[in-house]
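Structure record follows, encoded as structure tokens.
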Ligand code: ATP
Ligand code: PRP
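Numbering (my numbering), first residue to last: 3 to 216.
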């Protein structure tokens with residue numbers, strides 16, 4: 003039996019579509035239930051439904067053989083003990099720096115101002131600003147980062163953006179693109195060696211399905 007850890011929340015529908023294209027069927031009634039371990043049409047594959055940020059932890063410790071996690075999550079986790087063979091082409095968005103409309107971010111950076119940056123992506127943000135030589139005070143948040151500059155908690159945020167509507171609704175603009183983000187297949191390195199015969203066909207099927215995702 004193989005165990006695949008999936009993120010609940012916004013990428014679950016796209017993930018279910020991807021699995022369906024690999025011939026793996028999920029009972030939608032069960033997926034909508036409060037159950038955290040779901041069977042699939044394949045008796046040798048079960049799914050764990052966990053928080054996005056917990057997916058790499060389950061796979062790293064071998065509680066799941068493989069998982070699907072955003073690149074944003076993997077950058078924060080670090081990816082120790084994990085193999086990341088496939089870009090799954092779902093959950094596409096971009097990591098960026100955003101600030102209030104009217105805040106002259108470029109000027110603040112040029113004059114070497116110390117910036118207060120709110121984010122849940124503290125590793126990504128630290129690396130990004132260190133590379134630019136910009137000094138920052140990091141403020142760790144767990145969600146709704148867009149609020150921080152509106153109430154004086156931060157000068158700027160680092161967050162993922164897709165349509166841009168959340169920034170727009172909160173009078174913020176993207177001032178710097180950091181990197182593109184999408185969901186990755188992650189595999190426990192030990193499982194890949196020990197359970198190669200079971201894992202290889204599933205990884206190949208997911209790779210093929212991802213290649214045909216628009
Ligand atoms: P947690 O529940 O652990 O706090 P989360 O709130 O980041 O995690 P989701 O919002 O469901 O969880 O996001 C899951 C993944 O979807 C993220 O890791 C990211 O890769 C991707 N994602 C986040 N926001 C968007 C977006 N606006 N458009 C497309 N993909 C996104
Ligand atoms: C994500 C992200 C932004 C929003 C961007 O939030 O943190 O707030 O999506 O998407 P958009 O550009 O299409 O508006 P999410 O809904 O996952 O909530 P959270 O980060 O507060 O958990």
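Note that beta-carbon positions come from the ideal geometry of N, C-alpha and C, so glycine has one too. Treat the numbers as computed from the prediction; the structure is a model and nothing was measured.
Just curious, the beta strand (DSSP E) that residue 72 is in, first and last residue?
68 to 72 is the extent of the beta strand (DSSP E) around residue 72.
Once you ignore the five residues that flank residue 73 on each side, which residues in its own chain have a CB closer than 7 angstroms to its CB?
Once the five neighbours on either side are set aside, the close Cβ partners of residue 73 are 183, 184 and 186.
So residue 27 and residue 17 are supposed to be a Cβ contact under 8 angstroms. How far apart are they, rounded?
With a Cβ gap of about 13 angstroms, residue 27 and residue 17 do not count as contacting.
When the Cα atoms are used, what is the spatial distance from residue 172 to residue 103?
Approximately 9 angstroms, taken between the alpha carbons.
Name the DSSP beta bridge partners of residue 85, please?
According to DSSP, residue 85 bridges with 189.
Tell me, which residues are paired with residue 142 by DSSP?
Beta-bridge pairing links residue 142 to 121.
Helix, strand or coil, according to DSSP, for residue 23 in the structure here?
Helix, per DSSP.
Taking residue 59 as part of the alpha helix (DSSP H), name the residues at either end of that continuous run.
Its alpha helix (DSSP H) spans residues 57 to 62.
Here's the rule I'm using: 16 or more other beta-carbon atoms within 10 Å means buried, otherwise exposed. How should residue 142 be labelled?
Exposed is the call here.
Is it the case that the CB of residue 53 approaches a heavy atom of the ligand ATP more closely than 6 angstroms?
Within the cutoff, so yes.
Kindly list the residues whose CB is nearer than 6 angstroms to the CB of residue 130, restricted to its own chain and excluding five residues on each side of it in sequence; keep chain order.
So the list reads 180, once near-sequence residues are dropped.
From what residue to what residue does the beta strand (DSSP E) around residue 97 run?
Counting along the chain, the beta strand (DSSP E) containing residue 97 begins and ends at 95 to 102.
For my contact list, residue 95 and residue 162 are in at a C-beta cut-off of 8 angstroms; report their separation, rounded to the angstrom.
Contact flag correct, Cβ pair sits at about 4 angstroms.
On the DSSP letters alone, give me the boundaries of the alpha helix (DSSP H) that residue 201 sits inside.
Residues 198 to 213.
Leaving aside the five residues before and after residue 151 along the sequence, list all residues of the same chain whose C-beta is less than 6 angstroms from its C-beta, in chain order.
Taken in chain order, the residues that qualify are 102.
Are the Cβ atoms of residue 9 and residue 54 separated by less than 7 angstroms?
A contact, by the Cβ cut-off of 7 angstroms.
Which of helix, strand or coil does DSSP assign to residue 7?
Here residue 7 sits in strand by DSSP.
Please tell me whether, using a cut-off of 6 angstroms, the distance from the CB of residue 166 to the nearest non-hydrogen atom of the ligand ATP is below it.
Because no heavy atom of the ligand ATP lies under 6 angstroms away, the Cβ of residue 166 does not count as near it: no.
In the DSSP assignment, find the unbroken alpha helix (DSSP H) run with residue 41 in it and report its ends.
Careful: residue 41 lies outside any alpha helix (DSSP H), inside the beta strand (DSSP E) at 39 to 41.
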